[in-house]
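> Dumping the structure here so I can ask a few things about it.
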Amino acid sequence: MTLTESSRGGPITEEYREALATLSQGSVDRHFDPYLDIDWDSPELALDPNDVRWVLSPRVDPLGATQWYRDQPLDRQIAIGKWRTANSVKVGAAFESILIRGMMQYIMKLPNGSPEFRYCLHEMTEECNHIQMFQELVNRIDVDVPGMRPLFRALSPLIGVAGGYAHTILFIGILGGEEPIDHYQKAMIREGASMPPMVLRTMQIHIAEEARHISFAGDFLTAHISRMGKFNRGVCSVAFPIAMRWLVGEIMAPPRSFEREFDIPREVIEQAFWKSEHSQQILSSYFGDMRKLANDLGLMNPTAKWLWRKCGIDGPVSRYRSEPERSARRVA
Numbered sequence: 021m022t023l024t025e026s027s028r029g030g031p032i033t034e035e036y037r038e039a040l041a042t043l044s045q046g047s048v049d050r051h052f053d054p055y056l057d058i059d060w061d062s063p064e065l066a067l068d069p070n071d072v073r074w075v076l077s078p079r080v081d082p083l084g085a086t087q088w089y090r091d092q093p094l095d096r097q098i099a100i101g102k103w104r105t106a107n108s109v110k111v112g113a114a115f116e117s118i119l120i121r122g123m124m125q126y127i128m129k130l131p132n133g134s135p136e137f138r139y140c141l142h143e144m145t146e147e148c149n150h151i152q153m154f155q156e157l158v159n160r161i162d163v164d165v166p167g168m169r170p171l172f173r174a175l176s177p178l179i180g181v182a183g184g185y186a187h188t189i190l191f192i193g194i195l196g197g198e199e200p201i202d203h204y205q206k207a208m209i210r211e212g213a214s215m216p217p218m219v220l221r222t223m224q225i226h227i228a229e230e231a232r233h234i235s236f237a238g239d240f241l242t243a244h245i246s247r248m249g250k251f252n253r254g255v256c257s258v259a260f261p262i263a264m265r266w267l268v269g270e271i272m273a274p275p276r277s278f279e280r281e282f283d284i285p286r287e288v289i290e291q292a293f294w295k296s297e298h299s300q301q302i303l304s305s306y307f308g309d310m311r312k313l314a315n316d317l318g319l320m321n322p323t324a325k326w327l328w329r330k331c332g333i334d335g336p337v338s339r340y341r342s343e344p345e346r347s348a349r350r351v352a
């Protein structure tokens, strides 16, 4: 292991430095602009408010799997699916803004010459483009959705700033938000779920760039946690499952206004997020890669394992990055 110039936390390995250089060059060579790479006014991407492709997948979406939703008239399934899709996109944009706040706080404390500085700025640039892309999609869906839940929205500026000082926890949280979204979008595409072409195009762009972002977060945690003492590693082992479970609830579950808008019984929401057996399988499936990362980082001590299980996000580890989940299936 060769040590080179310092980051804020101390010397970094040559391997980590090379990984950062590769990621930075990847951002230069392959990046997207929401107004150059999406022809928003193209007839092929035009959105139809009555398109049956707004209907939620019964295999991938936990609400779409409920009998209540499947018993609704088609026009109501379309309206619910369109609202949920738009709100999920809006939440994704809000999460990206928190990531940017925290990462900006972190890099402005880095010493000159830190290779983390350059890549973090590449990533923030890409996340700004994602926010533009997501908001443009929400505007064109033309449903006035709120996005984040009220409390999370109120806390988001503080979370971003605090994360810049607790930077290891920040990057655990980044993965806690990025992984469920990434997994959900990939599952939709893998199963061949029918969706409006404009939605599909934004998903494809997001997945392509998020691969770098998720890779960086994993490399960051590997580099920084490897230098920690026993106490701090213990804190991270506890924070990991708690952050995963909290953020997946904030990002994937809809706000109460959604229930009121469509008069959805509370027990239906509770079963969908996350009390039914099928929804619990979906919840666990989001984190196969994260369980592997935590295991590789030495963060799966007995207390941590109990927390993963208590949070309902335990399960097998992925054999490889983005391994498809085959247990969370239901026949439509």
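In my numbering, the protein residues as written are 21 to 352.
In this text, a Cβ means the ideal position worked out from N, Cα and C, and glycines have one as well.
Could you tell me whether the region 141-156 touches the region 52-65, using the rule of 3 or more Cβ pairs below 8 Å?
yes
> When you compare only the Cα positions, how much space is there between D164 and G254?
43 Å
> Indicate the three-state DSSP secondary structure (helix, strand or coil) for G133 in the structure shown.
Look at G133 here: in three-state DSSP terms it is coil, with no helix or strand label.
> Using the three-state DSSP reduction, which class does I98 fall into: helix, strand or coil?
helix
> Pick out whichever of I32, I192, S246, V219 has its Cα sitting closest to the Cα of L119.
I192
> Should G249 go down as buried or exposed, given a rule of 16 or more other Cβ atoms within 10 Å for buried?
G249 should be labelled exposed.
> Please state the DSSP three-state secondary structure of I225.
helix
> Contact defined as beta carbons within less than 8 Å: I believe S44 pairs with Y139. What is the distance between those atoms, to the nearest angstrom?
5 Å
> Please tell me whether L76 and F293 are closer than 9 Å, where the distance is taken between their beta carbons.
no
> Cβ atoms of V111 and E270: under 9 Å apart, would you say?
yes
> Using CA atoms only, rank isn't needed, just tell me which of P217, A273, N321 is closest to C256.
Checked all of P217, A273, N321; the closest Cα to C256 is N321.
> At which residues does the alpha helix (DSSP H) containing E287 begin and terminate?
286-290
> Check the C-beta distance from P344 over to R210 and give it rounded, since I have them as a contact under 8 Å.
6 Å
> Three-state secondary structure (DSSP) at V337?
coil
> For the alpha helix (DSSP H) containing H298, list its first residue and its last residue.
Where H298 is concerned, the enclosing alpha helix (DSSP H) stretches over 297-305.
> Excluding five sequence neighbours on each side, which residues of the same chain lie with their C-beta closer than 6 Å to the C-beta of K216?
Note that residue 216 is Pro in the sequence shown here, rather than Lys. So the list reads L67, D71, R73, once near-sequence residues are dropped.
> Under 9 Å between the Cβ atoms of G183 and M310?
no
> With distances taken Cα to Cα, identify the nearest neighbour of P170 among G308, P275, K325.
The residue with the shortest Cα to Cα distance from P170 is P275.
> For A99, which option in A186, I284, V258 has the closest C-alpha, if you only look at C-alpha atoms?
I284
> Use the C-beta contact count for G133: other C-beta atoms within 10 angstroms, 16 or more gives buried, fewer gives exposed.
Here G133 is exposed. Its C-beta has fewer than 16 other C-beta atoms within 10 Å.
> Taking the alpha carbon of S299 as the point to measure from, which residue in P78, P93, T42, W60 has its own alpha carbon closest?
Checked all of P78, P93, T42, W60; the closest Cα to S299 is P78.
> With a 10 Å radius around its C-beta and 16 neighbouring C-beta atoms as the bar for buried, classify W326 as buried or exposed.
exposed
> Do you know offhand how far Q97's Cα is from E198's?
27 Å
> In three-state terms, what does DSSP make of V80?
coil
> At what residue ranges does the region 254-285 contain a whole run of the alpha helix (DSSP H), taking only runs of 4 or more?
276-282
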